[in-house]
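Step one of this worksheet: look at the structure below.
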Amino acid sequence: MLKGKLPHFASQTQRDLGEEGLSTWKAILSQHKLTREQQIIDLFHRGLEVLNINENEIPDLKILSDILYEKTGWKAIFVDGYEEGNSFYPMLAQKIYPVGNFIRDKKDLSYTPAPDIVHDLYGHLPFLADKEYADFCHRLGQMSVEFMDREDLFRQFERFFWFTIEFALVKTPNGNRIFGAGIASSVGECEYALSGKPKLLPFDVDVIRKREFYIDDMQDTLFLLENKDQLYKSLDYLYQQVLKDK
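For the sequence shown, position 3 matches number 3 in this note's numbering, and the numbering has no gaps at all.
Here you go:
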């Protein structure tokens, strides 16, 4: 039995986000459609196509979840609000991704610290439509829950998730591209991350697992992957280093 607490499950029927919510969705995705192909790694764009996520409508999560399950074995569920680590990581270990059943205020089109349906559904689910990426997230979830009774050790996995799955960049033949879903889901964060203003550090597991992060502002320091395989192959090393700290 997995450690941790149950998430705050929302209704499996999507909350009516109303005309204003749909207007917000359309505004964000329409604006981002103009620039995202030059900003984000290609597997994100393939995921948008596989899941048929577009600017015209807020997708039915059950339909997306069924497609996701067929492709990678993952499911997506609605939750009420932000999930803390002791409920979030057990869900990853079970191949479940939580989606906040609300949408940001229209004044926060470019950026919001709250993980809403734009951040979770638009930002994360396209990545999880890639089998290799999805398997990586599953393994990360499985490893992290082994250490939930030791906050200092568990925190190292939270930092790793933050600086990779949420906020990493990656080198490509066409220049640096966004790998993290936390950046990909925000028009403002995408522009800022590739502007040359944030400090870029080479990907280093030992630096990342000891580095604290903040959630309420643009990220002024980002880690740059040589390629996605560098990240996927780093999990065993992370696990062994955390074990040494036990």
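All residues carry an ideal CB built from backbone N, CA and C; glycine is no exception.
Between the beta-carbon of residue i and the beta-carbon of residue j, is there less than 8 Å?
i: Tyr232; j: Phe136; result: yes
i: Ser144; j: Tyr89; result: yes
i: Ala134; j: Leu51; result: no
i: Phe147; j: Ile41; result: no
Using the DSSP secondary-structure output, state which residues sit across from residue i in a beta bridge.
i: Leu224; result: Leu169 and Pro202
i: Pro319; result: Nothing about residue 319 can be read from this structure; the chain reaches only from 1 to 246.
i: Ile40; result: Ile178
From residue i to residue j, what does the alpha carbon distance come to, in whole angstroms?
i: Ile63; j: Leu43; result: 20 Å
i: Ile58; j: Pro198; result: 32 Å
i: Arg104; j: Val118; result: 8 Å
i: Tyr239; j: Ser23; result: 44 Å
i: Lys246; j: Ile215; result: 27 Å
i: Gly85; j: Thr35; result: 32 Å
i: Arg159; j: Val79; result: 22 Å
i: Ile183; j: His32; result: 12 Å
i: Glu212; j: Lys171; result: 24 Å
Name the residue from the options whose alpha carbon lies nearest to the alpha carbon of residue i.
i: Glu191; options: Gly21, Glu37 and Leu140; result: Glu37
i: His124; options: Ile208, Val170, Ile96 and Leu222; result: Ile96
i: Pro115; options: Thr72, Met91, Arg155 and Ala181; result: Ala181
i: Lys210; options: Phe163, Asp149 and Glu132; result: Phe163
i: Ile53; options: Leu34, Trp25, Asp245 and Asp80; result: Trp25
i: Glu226; options: Phe203, Ser185 and Asp245; result: Phe203
i: Phe161; options: Lys131, Val187, Phe102 and Phe223; result: Phe223
i: Leu235; options: Asp245, Ile178 and Arg139; result: Arg139
i: Ala249; options: Ala76, Phe154, Glu189 and Gly18; result: Lying outside 1 to 246, the shown extent of the chain, residue 249 is not represented and no answer is given.
i: Trp74; options: Glu146, Ile208 and Leu92; result: Leu92
i: Lys244; options: Asp152, Asn56, Asp220 and Ser87; result: Asp152
Is residue i close to chain C, meaning its C-beta is less than 8 Å from at least one C-beta of that chain?
i: Arg209; result: This model lacks chain C altogether, as it is built from one protein chain only.
Give me, in chain order, the residues of the same chain whose beta-carbon lies closer than 6 Å to that of residue i; leave out the 5 immediate sequence neighbours on both sides.
i: Asp120; result: Val99 and Gly100
i: Lys71; result: Ala129
i: Asn176; result: Leu169
i: Tyr237; result: Val205
Give me, in chain order, the residues of the same chain whose beta-carbon lies closer than 8 Å to that of residue i; leave out the 5 immediate sequence neighbours on both sides.
i: Lys106; result: Glu20, Ser23, Thr24 and Ala27
i: Asp206; result: Gln241
i: Leu201; result: Val207, Thr221, Leu222, Phe223 and Leu224
Near residue i, what residues of its chain come up, given a Cβ to Cβ distance below 7 Å and the 5 sequence neighbours on each side ignored?
i: Phe127; result: Leu43, Phe44, Gly47, Tyr133 and Ala181
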